[in-house]
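**Q**
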Amino acid sequence: MRAAQGEDVIFLSIGEPDAAPPQSVLDVASTQMNNGRLKYSSGQGEPNVLAALSRHYTKQTGRAIGPDQFMFLPGTQTALSVAFLSILDEGDEVLMFDPYYATYEALVRLPGGIPVPVPLDPDRGFHPDLKLLEAAITPRTRAILLNSPSNPTGAVFTAEEVKAIGALAAKHDLWLVSDEVYANLVHGNHVFTSPFFDQALEERVIVCSSISKSHALPGFRCGWIAASADYCAKAVAVAESLLFGSPQFLQDAVAFALDTHFVELDQMQRDYQLRAMALLEGLSACKTVSARMPEGGMFVMVDVRKTGLSGEAFARALLHQHNVVTMPGESFGACGQGHLRVALTVDEATMREAAKRIAALATSLN
Ligand SMILES: Cc1ncc(COP(=O)(O)O)c(C=O)c1O
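Going by numbering that gives the first Met the number 0, the first residue of the sequence shown is number 0, and it counts up by one from there.
Okay, structure coming up:
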């Protein structure tokens with residue numbers, strides 16, 4: 000409303016990529032649509048996109064991943080939903096690190112599962128405490144949900160952390176559902192590690208991902224599950240019952256996108272990093288507000304605990320007094336309290352201005 004009234008509002012709330020998607024991907028979709036690629040499709044996916052996924056994951060994991068190890072689905076969100084619908088029974092518990100992506104609770108509850116938050120400590124950069132994770136395991140635990148790089152925390156779990164989580168899953172015979180929608184957005188020296196990299200875990204890992212963030216194409220609703228061939232053969236019945244296949248012309252475009260390197264997407268990743276640096280620089284002189292460089296993804300958690308306000312109260316004041324829209328950390332679970340989640344989806348100059356306004360509010364509260 001304020002923006003509609005001409006006020007200079009800065010929106011840092013939604014994780015919607017602001018970069019343009021590669022034009023050639025759109026061209027493939029439109030050409031193929033006009034070529035009549037509009038029939039019903041296989042519930043698992045078209046052969047060309049399954050082959051492209053196979054090439055992509057074979058390269059990423061360093062071992063042969065067959066086309067029968069995928070299901071093409073409308074985005075990570077649907078992939079996660081298919082994953083939980085296929086593995087959970089009523090009353091099964093799913094461990095998820097808190098703060099977590101806001102839709103996780105509903106995804107777990109849909110098939111009757113129970114989300115069990117496992118706290119992450121902001122003062123450890125939101126990295127996992129394996130003792131807390133193991134302590135949360137009960138006879139009803141069925142799965143651990145991972146999201147690295149994380150929305151909202153920006154943490155990228157190290158190879159050692161992923162290995163330790165994998166070992167716990169194997170010890171307690173649990174599924175590992177890995178939301179890897181930010182896999183290609185890793186900053187600085189951090190390295191993306193998936194539990195799927197470890198062949199010994201293949202039978203218990205369900206990777207969920209998409210081109211929404213990697214190719215700035217959230218509106219295509221194109222994603223997939225990568226898992227064992229055995230799991231895919233069984234879970235395809237869930238996908239069939241929900242969807243009866245995905246649009247062929249979009250699958251053609253995704254096959255092309257996965258097989259092509261786009262320099263503009265490298266730039267998009269660098270831009271997220273530069274914007275995060277601009278935000279941190281703008282907050283550096285502020286005594287009561289701080290932030291760490293995100294290790295990956297497209298968000299920064301800003302710590303406002305020293306202002307004495309909750310994330311919610313700070314976000315509200317920031318909107319009302321300074322026209323900056325952010326997400327309160329509390330909306331991502333109890334451990335997000337006292338934080339704001341800032342989406343890196345505006346240019347550097349706007350990010351500097353946003354930092355100035357956040358610092359101005361913090362200073363006025365002293
Ligand atoms: C962690 C996480 N998982 C899943 C999604 C949904 O992604 P998709 O567009 O691929 O469904 C998002 C979108 O913001 C996200 O941040």
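Idealized CB from N, CA, C, for every residue including glycine.
Owing to the predicted nature of the structure, the values given are computational and were not obtained by experimental measurement.
What I want to know is whether the C-beta of Gln76 ends up closer than 7 Å to one or more non-hydrogen atoms of ligand 1.
**A** To locate residue 76, count along the sequence shown from 1; it is residue 77. Gln76 Cβ: within cutoff of ligand 1.
**Q** List in chain order: all unbroken beta strand (DSSP E) runs of 3+ residues lying wholly within the region 130-160.
**A** With a minimum length of 3 residues, the continuous beta strand (DSSP E) runs that stay inside the region 130-160 are 140-146.
**Q** Applying the criterion that 16 or more other CB atoms from any shown protein chain within 10 Å of the CB defines a buried residue, is Leu37 buried or exposed?
**A** Counted from its first residue, the sequence shown places residue 37 at position 38. When all chains shown are included, Leu37 counts as exposed.
**Q** What is the C-beta distance between Gly44 and Met70, in whole angstroms, given that I count them as a contact (C-beta under 8 Å)?
**A** Numbered from its first residue, the sequence shown carries residue 44 at position 45. Numbered from its first residue, the sequence shown carries residue 70 at position 71. Yes, Gly44 and Met70 are in contact; Cβ-Cβ is about 6 Å, under 8 Å.
**Q** Using a threshold of 8 Å, state whether the C-beta atoms of Pro110 and Leu87 are closer than that.
**A** Working through the sequence shown from its first residue, we reach residue 110 at position 111. Working through the sequence shown from its first residue, we reach residue 87 at position 88. Yes, these two residues count as a Cβ contact at 8 Å.
**Q** Does the beta-carbon distance from Asp17 to Cys231 come in below 8 Å?
**A** Sequence index remark: in the sequence shown, residue 17 carries index 18 (1-based). Sequence index remark: in the sequence shown, residue 231 carries index 232 (1-based). The answer is no: Cβ separation not under 8 Å.
**Q** Tell me whether His55 sits in a helix, a strand or coil according to DSSP, three-state version.
**A** Along the sequence shown, one-based indexing puts residue 55 at 56. His55: helix per DSSP, three-state reduction.
**Q** Quick one: is Met0 buried, meaning 16 or more other Cβ sit within 10 Å of its Cβ, or exposed?
**A** As a working mapping, residue 0 is identified with position 1 in the sequence shown. So Met0 ends up on the exposed side.
**Q** If we count Cβ pairs, one from each stretch, closer than 8 Å, do we get three or more for the region 21-33 versus the region 48-59?
**A** At 8 Å Cβ cutoff, the stretches do not touch.
**Q** From Gly65, Ser208, Lys212 and Ala353, pick the residue whose C-alpha is nearest to that of Arg265; which is it?
**A** One-based indexing of the sequence shown puts residue 265 at position 266. Here residue 265 turns out to be Asp, not Arg, going by the sequence shown. Ranking the options by Cα distance to Asp265, first place goes to Lys212.
**Q** Pro293: which of Ser227, Thr349 and Val155 sits nearest, CA to CA?
**A** Against the sequence shown, residue 293 aligns to sequence position 294. Minimum Cα distance to Pro293 is reached at Val155.
**Q** Who are Val206's beta bridge partners in DSSP?
**A** On the sequence shown, position 207 is the one that residue 206 refers to. DSSP, once it has assigned bridges, lists Ser177 and Ala225 as partnering Val206.
**Q** Report the rounded CA-to-CA distance for Val237 versus Val107, giving the unit in angstroms.
**A** Counting from 1 along the sequence shown, the entry for residue 237 is found at position 238. Counting from 1 along the sequence shown, the entry for residue 107 is found at position 108. Their backbone Cα atoms lie some 15 Å apart in a straight line.
**Q** I need the DSSP call for Ser289, collapsed to helix, strand or coil.
**A** Mapped onto the sequence shown, residue 289 falls at position 290. Strand, per DSSP.
**Q** So, is Ala3 buried or exposed, given that buried needs 16 or more other C-beta atoms within 10 angstroms?
**A** By 1-based counting over the sequence shown, the position of residue 3 is 4. So Ala3 counts as exposed.
**Q** Cα separation between Ala63 and Ala234?
**A** Looking up residue 63 in the sequence shown gives position 64. Looking up residue 234 in the sequence shown gives position 235. Computed Cα separation, rounded: 21 Å.
**Q** Is Arg1 helix, strand or coil by DSSP?
**A** Locating residue 1 in the sequence shown gives position 2, where the first residue counts as 1. Coil, per DSSP.
**Q** Between which two residues does the beta strand (DSSP E) containing Asp302 stretch?
**A** On the sequence shown, residue 302 is found 303 positions in, with the first residue counted as 1. That run of the beta strand (DSSP E) goes Phe298 to Asp302.
**Q** Given this structure, state the Cα-to-Cα distance separating Val207 from Asn188, to the nearest angstrom.
**A** Counting from 1 along the sequence shown, the entry for residue 207 is found at position 208. Counting from 1 along the sequence shown, the entry for residue 188 is found at position 189. Residue identity differs from the one stated: residue 207 is Cys in this sequence, not Val. Near 24 Å, if we compare the C-alpha coordinates of Asn188 and Cys207.
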